[in-house]
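What follows is a set of notes on a single structure, which appears directly below.
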Amino acid sequence: MANLPKTTSKGSAKTYDGLGIPLILPAWIIIGFFLVIPVAMMLVYSFLTKEFRGGVIWEFSIGAYDQFFFYRGLFGDSPPTIEWTYIGIFWRSIWQAGLATFFCLLIGFPTAWFIATRTGPNKTIWLFLITIPYWVNLLIRTISMKFLIRDNGPLNEFFLSLGLISEPLHIINTNFAVQLGLFYSYLPFMVLPIYAAVERYNFALSEAAADLYASQTVTLTQVILPTVKPGIIAGCILVFVPSLGAFLAPDLLGGAKNFMIGSLIEEQFKGAAGNWPFGAAASMILLSLVLIVLTFYARSQTKDQI
Amino acid sequence: MATKSLDLRHFTGFQPLTLLCLFLLYAPLIIVMIYSFNDSNSITRWNTISLRWYYDLFYGVDAPKFKTAAINSVSIAIMAAISATIIATMAATAMMRAGRFRGKSVSFALINLPLMVPEIVTAVATLIFFSAIGFTTGYLTILIAHIVFCIPFAYLPIAARMEGIEEVYEQAAQDLYATRFQAFRLILLPLMAPGIMSGFLLAFIISLDDFIITNFVKGAGVETLPTVIFGAVKQGIKPNIMAISTLLLVVSVGFVALSYFVGRIGEKANPTTTKKGE
Numbered sequence: 002m003a004n005l006p007k008t009t010s011k012g013s014a015k016t017y018d019g020l021g022i023p024l025i026l027p028a029w030i031i032i033g034f035f036l037v038i039p040v041a042m043m044l045v046y047s048f049l050t051k052e053f054r055g056g057v058i059w060e061f062s063i064g065a066y067d068q069f070f071f072y073r074g075l076f077g078d079s080p081p082t083i084e085w086t087y088i089g090i091f092w093r094s095i096w097q098a099g100l101a102t103f104f105c106l107l108i109g110f111p112t113a114w115f116i117a118t119r120t121g122p123n124k125t126i127w128l129f130l131i132t133i134p135y136w137v138n139l140l141i142r143t144i145s146m147k148f149l150i151r152d153n154g155p156l157n158e159f160f161l162s163l164g165l166i167s168e169p170l171h172i173i174n175t176n177f178a179v180q181l182g183l184f185y186s187y188l189p190f191m192v193l194p195i196y197a198a199v200e201r202y203n204f205a206l207s208e209a210a211a212d213l214y215a216s217q218t219v220t221l222t223q224v225i226l227p228t229v230k231p232g233i234i235a236g237c238i239l240v241f242v243p244s245l246g247a248f249l250a251p252d253l254l255g256g257a258k259n260f261m262i263g264s265l266i267e268e269q270f271k272g273a274a275g276n277w278p279f280g281a282a283a284s285m286i287l288l289s290l291v292l293i294v295l296t297f298y299a300r301s302q303t304k305d306q307i
Numbered sequence: 012m013a014t015k016s017l018d019l020r021h022f023t024g025f026q027p028l029t030l031l032c033l034f035l036l037y038a039p040l041i042i043v044m045i046y047s048f049n050d051s052n053s054i055t056r057w058n059t060i061s062l063r064w065y066y067d068l069f070y071g072v073d074a075p076k077f078k079t080a081a082i083n084s085v086s087i088a089i090m091a092a093i094s095a096t097i098i099a100t101m102a103a104t105a106m107m108r109a110g111r112f113r114g115k116s117v118s119f120a121l122i123n124l125p126l127m128v129p130e131i132v133t134a135v136a137t138l139i140f141f142s143a144i145g146f147t148t149g150y151l152t153i154l155i156a157h158i159v160f161c162i163p164f165a166y167l168p169i170a171a172r173m174e175g176i177e178e179v180y181e182q183a184a185q186d187l188y189a190t191r192f193q194a195f196r197l198i199l200l201p202l203m204a205p206g207i208m209s210g211f212l213l214a215f216i217i218s219l220d221d222f223i224i225t226n227f228v229k230g231a232g233v234e235t236l237p238t239v240i241f242g243a244v245k246q247g248i249k250p251n252i253m254a255i256s257t258l259l260l261v262v263s264v265g266f267v268a269l270s271y272f273v274g275r276i277g278e279k280a281n282p283t284t285t286k287k288g289e
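Read top to bottom, the protein sequences are chains A and B. The numbering of the first sequence is the numbering used here, which starts it at 2 and goes up by one. The numbering of the second sequence is the numbering used here, which starts it at 12 and goes up by one.
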């Protein structure tokens, strides 16, 4: 890290010494005021009472969390049993995000490896090709996928014309469609960090392994994968975290039956059926899940450095 | 040595998988592009090639709606990107050039916070915040929310660039009695220009692309291109949606290409950058 402060040596006085705080202040104010405080207020809102027209009544209540985890019958007076609806939606989201991460890794690792081992201008072209979709509007990419896999869309027409199927495959509005959408949305996120790790990989290690009669498979699993592991973990985080809270893919490709966390939250803030405290509570639970994942990630990174 | 090390880099099947990966990424986009030139009322039947739906975008029934949304999108993106770039440049100078100060390690986490909080959570939190302080959601709230999440995207290329510029140039300027502000304005800023430019362009694209956060804080009546497209798609994909998608796609790719080449030209033209930061 080049920006570690050098503490004692006299010649390292920085040009703008003492201006650190005034220079960083605008970033603090904007992010602090419009992100940190809002998240804190969201936490407060999750403990308030809902108002029926959307919004809240300023009365403390754990109703939102209670509704999330427990079912107390239609009139709220039965003994509480565990409410599986929302836990189920969270579980489905975790499962879908995990699966998307797995498939992205499966195709992303070979791609990253292949690009990183190219030489000269070829490498730049490959890299550029893989980066472009990353910058294309996510909404437009999701719409493209929706267009492609419709019942009478190009994909079905193609299969029908080949005679592979006799009637259109029903893909849209299934869990599979959501999976496809997540995979498609976040695939570039997997490739780029693994690419960066493979770039730094020292091929002398592979040579040493080969000299000691390791097969290609052994070299891959025993030498290469452990060495580029930080890149792989970073890629997995970059796919898993946004997949978990994804809204567009489940909403546009999954339909009403294949709800994920994102749609559940969105629904609480739209229209008359909205329940702000419940939406805030669901967001807090999602944020906690993400923070747990990121903490594990930070731990694994510091361990790797030692 | 050469042939041997090439063998070590080669794994059977990785090349086809890479091609498959690119195919998967591009096929849906290319198909939508092709169908946007379809002269037919139905999105399924292929008729002949025409620019009919592009004409429809600019002169059809929905044209005023798209036009307003486009103006909102672009004006918000420009203002958000400029603000985020200024804030990020100042922050990068603080982090890399100002030695130690209180809260420096927290600052790094804070700048990257918008990347770590899931988008939907940021959206909810921002909506709740504006509602709680009684601020009417609309154009201004979209702009503020966009500035927040554009900051880390502008910061990354700017900080990377600054890390590569050695401090000796500013020190030389100061030895020649330049004030610190002069050193910044006349030395650091010109050297930083490519990094600042790519930071600005990335922030611009990120702002232009955003749907989820905008959808929460836009309030009634104010629409950006993504929200207006989303609203239309909810009622079914029509051919004009494919035309506008294609246009947006071309704009995004153009801007990224521009950002990329600006960065590269800067790197080549500028002998002071060192590679050690990479």
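Think of the CB as a built atom: it goes at the ideal place given N, C-alpha and C, for glycine as much as any other residue.
- Message: Determine, for Met42/A, whether the minimum Cβ-Cβ distance to residues of chain B falls below 8 Å.
- Response: yes
- Message: For the pair the stretch 225 to 245 of chain B and the stretch 45 to 61 of chain A, tell me if three or more CB-CB distances fall below 8 Å.
- Response: no
- Query: Are the C-beta atoms of Ile60/B and some chain A residue less than 8 Å apart?
  - Reply: no
- Out of Ile108/A, Ala113/A and Pro155/A, point me to the one whose CA is closest to Pro169/A's CA. Pro155/A
- Task: Just tell me which of Gln68/A, Tyr66/A and Lys51/A has its CA closest to the CA of Glu60/A.
- Result: Lys51/A
- Message: For Glu130/B and Gln68/A, what's the separation of their Cα atoms in angstroms?
- Response: 24 Å
- Task: Look at the alpha carbon of Tyr135/A and the alpha carbon of Tyr187/A, and state the distance between them as a whole number of angstroms.
- Result: 8 Å
- Give me the Cα-Cα distance between Gln185/B and Val179/B, rounded to the nearest whole angstrom. 10 Å
- Query: Three-state secondary structure (DSSP) at Thr147/B?
  - Reply: coil
- Tell me, to the nearest whole angstrom, how far the beta carbon of Ile262/A is from that of Gly246/A; I am working on the premise that it is less than 8 Å. 6 Å
- Query: So is the beta-carbon of Val37/A under 7 Å away from any non-hydrogen atom of the ligand NAD?
  - Reply: No copy of the ligand NAD appears in this structure; indeed no ligand is present at all.
- Count the other C-beta atoms from every protein chain shown that fall within 10 angstroms of the C-beta of Thr23/B, then say buried if there are 16 or more, exposed otherwise. exposed
- Query: Whose Cβ in chain A lies nearer than 8 Å to the Cβ of Thr137/B?
  - Reply: Phe35, Leu36 and Pro39
- Task: Give me the Cβ distance between Ser264/A and Phe248/A, rounded to the nearest whole Å; I'm assuming they're in contact under 8 Å.
- Result: 6 Å
- Residue-level contact to chain B via CB, Thr50/A, 8 Å cutoff: no
- Contacting residues, own chain, Cβ-Cβ under 7 Å from Ala197/A (five flanking each side not counted): Gly232
- Message: Using DSSP's beta-bridge definition, name the partner residues of Asp67/A.
- Response: None; Asp67/A has no bridge partner.
- Message: Taking DSSP's pairing of strands, which residues face Leu49/A in a bridge?
- Response: Phe61/A
- On the three-state DSSP scale, how would you describe Thr120/A? coil
- Classify Pro237/B as buried or exposed, calling it buried when 16 or more other Cβ atoms lie within 10 Å of its own Cβ. buried
- Query: Going by other Cβ atoms of all chains shown within 10 Å of its Cβ, with 16 needed for buried, is Lys7/A buried or exposed?
  - Reply: Unreliable positioning characterises Lys7/A in this predicted model, as indicated by a pLDDT of 43, which lies under 50. The coordinate reading is nonetheless provided below. Its Cβ having fewer than 16 others within 10 Å, Lys7/A is exposed.
- Query: Listed in chain order, which residues of the stretch 215 to 242 of chain A have Cβ atoms closer than 9 Å to some Cβ of chain B?
  - Reply: Gln217, Thr220, Leu221 and Val242
- 8 Å contact criterion, which Trp29/A and Leu121/B should meet: CB distance rounded: 6 Å
- Ends of the alpha helix (DSSP H) at Asp252/A? Counting along the chain, Asp252/A falls outside any alpha helix (DSSP H), and DSSP gives it neither H nor E.
- Say whether chain A places a C-beta atom closer than 8 Å to the C-beta of Pro205/B. no
- Item | Cα-Cα separation, Ile223/B to Asp67/B | 27 Å
- Task: Find out if the Cβ-Cβ distance for the pair Glu181/B, Leu199/B is shorter than 8 Å.
- Result: yes
- Can you give me, in chain order, the residues of the stretch 119 to 130 of chain A that have a beta carbon less than 8 Å from any beta carbon in chain B? Trp127, Phe129 and Leu130
- Query: What number of angstroms, rounded off, separates the C-alpha of Tyr66/A from the C-alpha of Gly99/A?
  - Reply: 25 Å
- Can a CB atom of chain B be found closer than 8 Å to the CB of Arg142/A? yes
- Message: For the pair the stretch 204 to 214 of chain A and the stretch 174 to 187 of chain A, tell me if three or more CB-CB distances fall below 8 Å.
- Response: no
- Establish whether the CB of Tyr65/B and some CB of chain A are separated by less than 8 Å. no
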